[in-house]
Ligand code: GTP
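In my numbering, the protein residues as written are 25 to 194.
Here it is, written out as structure tokens:
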């Protein structure tokens with residue numbers, strides 16, 4: 025029969041980048057323009073069935089506010105996968121994302137699967153970070169890269185399915 029696995033997945037990134045919105049789009053199929061800032065961290069579960077496996081995700085949605093930074097290791101330690109999110113309309117959020125990538129690469133499990141995610145692509149007219157900029161950084165650092173929109177659902181299921189497939193293959 026097909027295998028069954030449980031995987032810890034963590035989302036990291038600047039406040040307001042859209043971490044909670046991506047998770048709620050994936051888990052509940054919902055989006056809110058008035059999503060409140062996360063305090064500490066939030067926990068969600070979701071099961072994805074692939075042909076070759078069933079993957080149960082334990083999802084830790086961390087708080088992006090700087091005052092919660094010291095809690096992050098609790099969530100990325102032991103994680104099988106990490107999603108580092110930035111907002112394409114904020115250069116600062118891209119700078120912050122690169123810092124997260126470095127921290128996770130230094131401290132987390134070396135076999136961790138990491139995605140760099142450029143969110144809010146529905147806001148093309150306000151874009152401050154080019155697609156190539158994100159793609160290039162991801163390539164240089166051995167990460168996978170996707171542009172998403174939690175609002176329109178663009179690439180959101182694809183993101184989580186891709187991670188599940190990687191984990192099932194490993
Ligand atoms: P913290 O909890 O503070 O770390 O923020 P977060 O990264 O979880 O961001 P959150 O999901 O709370 O979203 C912040 C704001 O951006 C909210 O007003 C969302 O509605 C909005 N937002 C999130 N994703 C998108 C998107 O893809 N497109 C647009 N237009 N807005 C988005």
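Even for Gly, the Cβ is constructed at its ideal location relative to N, Cα and C.
Whether residue 63 touches residue 139 by CB criterion (8 Å): no
Contact under 8 Å by Cβ, residue 72 with residue 185: yes
The ligand GTP heavy atom lying under 7 Å from the CB of residue 58: yes
Cβ shell of residue 44 (< 6 Å), same chain only, five flanking positions each side left out: 59, 62, 85
Alpha carbon of residue 195 to alpha carbon of residue 36, nearest angstrom: Given a span of 25 to 194 for the chain in the structure shown, any question on residue 195 remains unanswerable.
Buried or exposed by the 16-neighbour rule on C-beta atoms within 10 Å, applied to residue 42: buried
heavy atom of the ligand GTP below 7 Å from residue 168 C-beta: no
Range of the contiguous beta strand (DSSP E) that encloses residue 113: Looking at the DSSP string, residue 113 is not in any beta strand (DSSP E), and its letter there is neither H nor E.
Every unbroken beta strand (DSSP E) inside the segment 59 to 113 [3 residues or more]: 65 to 73, 77 to 86, 105 to 111
Cβ-Cβ separation, residue 80 to residue 69 (assumed contact under 8 Å), whole Å: 7 Å
Residue 174 CB to nearest heavy atom of the ligand GTP below 7 Å: yes
The ligand GTP heavy atom lying under 7 Å from the CB of residue 115: no
Residues near residue 133 by beta carbon distance below 8 Å, same chain, minus five either side: 101, 102, 103, 104
Coarse secondary structure for residue 142, derived from DSSP in three states: strand
heavy atom of the ligand GTP below 7 Å from residue 18 C-beta: As shown, the chain starts at 25 and ends at 194. That puts residue 18 outside it, with no answer to give.
C-alpha gap between residue 30 and residue 151, whole angstroms: 36 Å
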